[in-house]
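Trainee:
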Amino acid sequence: MTRFVLGRVVLLLIGLLVASALIFFTLRLLSGDVAQVIAGTQSSPAQVAAIRKSLGLDRPLILQYLEWLGGLVHGDLGTSLVTGSSVSSQLVQKFSVTLPLAGLSLVFGLVLGIPLGVLSALKRRKLSGTVISIIAQAFAAVPAVWGGMILIAVFAVAIRVFPTQGYPTDGWAEPGQALRSLILPALTLGVIEGAVILRFTRSATLGALGEDYVRTAAAKGLTRTQAVIRHGLPNVMLSVVAVLGVQIAGLLVGAVLVEQLFALPGVGRMLVSDVGVRDLTKVQGELLALTGLVLVLGFAVDLIHRLVDPRLRERDS
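Per our numbering, the very first residue in the sequence shown carries number 1; after that it's consecutive.
1) If Q228 sits next to T205, beta carbons under 8 Å apart, how far is it from one beta carbon to the other, in whole angstroms?
2) Can you tell me whether DSSP reads T223 as helix, strand or coil?
3) Report all residues from its chain with a CB closer than 8 Å to the CB of V48; omit the five preceding and five following residues, and keep chain order.
4) Alpha helix (DSSP H) containing V246: first to last residue?
5) Within 10 angstroms of its Cβ, does A121 collect 16 or more other Cβ (buried), or is it exposed?
6) Starting from R3, follow the alpha helix (DSSP H) in both directions and report where the run begins and ends.
7) Sort V154, T164, S133 and T26 by Cα distance to L320 and report the nearest one.
8) Which residue from A144, V9, M1 and V157 puts its Cα closest to that of V296?
9) Cutting at 8 Å between CB atoms, please list the residues of its own chain near L72, excluding the five before and the five after it.
10) Inspect the beta-carbon positions of L198 and G113 and report whether they are closer than 7 Å.
11) To the nearest angstrom, how far is it from the Cα of V253 to the Cα of A153?
12) For T79, does the three-state DSSP call read helix, strand or coil?
13) Would you report the Cα separation of K53 and A255, rounded to the nearest angstrom?
14) Would you decide whether R59 is buried or exposed? Buried here means 16 or more other CB atoms lie within 10 Å of its CB.
15) Taking contact to mean 3 or more Cβ pairs, one atom from each stretch, closer than 8 Å, check whether the region 258-278 and the region 89-97 are in contact.
16) Given that a residue counts as buried once 16 or more other Cβ atoms are within 10 Å of its Cβ, and exposed if not, what is P185?
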């Protein structure tokens, strides 16, 4: 187990290093002239050159990258080229919206997906099982923005249970209002996530139904549902945990769109705004933070999978 953890930590660090290089150099190749954007369209070439020099943008790219990399080692993501504010402090503030949104979405997805996935497998030869599977396929294909608009029309406009958009100015200083603002965005992502988890759970449950231990438990007097829940569900959960790493990455991508739709001041909305003004330092910091979060969560999921699955531990030993 120790060898596995050390190996994954090394891969995690290599992944972050490669991601930092790709993000930094790709942004420089694709973006326009930041100095020109800051100076404005009426500025002279001399003014643009002066701004470029003051920001250090006239130095070789490799030196700029190594300087940024040195700051990362100390947890410093740099300062905004446009506002001069710290990127790290702004990210901490924005993640206080994005992370609860993604976490709440995952809770909705698990609560919807696992029970309905098991039920769909147990009722696979009945109308209810077929209906659940069809609805899951439909929800999995629904774009997040369209799903969010439907939820706004129903829960915010028609019956006015939740706000259509916005977030409390004081953030989590008003926890009830903050949570209320996140319900519809989280449900938008959670329903789609739940549909995907449902399909994985259904497939794993169907596999468990064919296993000897479930048939043996049924032969000893348990109903098929009891046998699956008592003896098959632990193995089903292992399959669900295995796919959560990939699904969490999808949740963060979906959060970027949902934050725009519901006007939430999270990382996704800040990223879109900073791309518009070509604030390269902030954009590269935001992309690296999101990439690092996905890699760390993937590492955590792999570690949990190893801890709860004895077959993987035996394979390592």
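Ideal Cβ positions, reconstructed from N, Cα and C, are used throughout, including at glycine.
Mentor: Short version:
1) Gln is not the amino acid found at residue 228; the sequence shown has Val there. 6 Å between Cβ atoms; contact.
2) coil
3) D33, A35, Q36 and A39
4) Judged by DSSP secondary structure, V246 falls within the alpha helix (DSSP H) whose first and last residues are L233 to L261.
5) buried
6) T2 to L30
7) The structure shown does not extend to residue 320, since the chain is modelled only from 1 through 317, so no value can be given for it.
8) V9
9) S20 and L288
10) yes
11) Roughly 23 Å between the two C-alpha positions.
12) strand
13) 36 Å
14) exposed
15) Yes: the two stretches touch, three or more of their Cβ pairs being nearer than 8 Å.
16) buried
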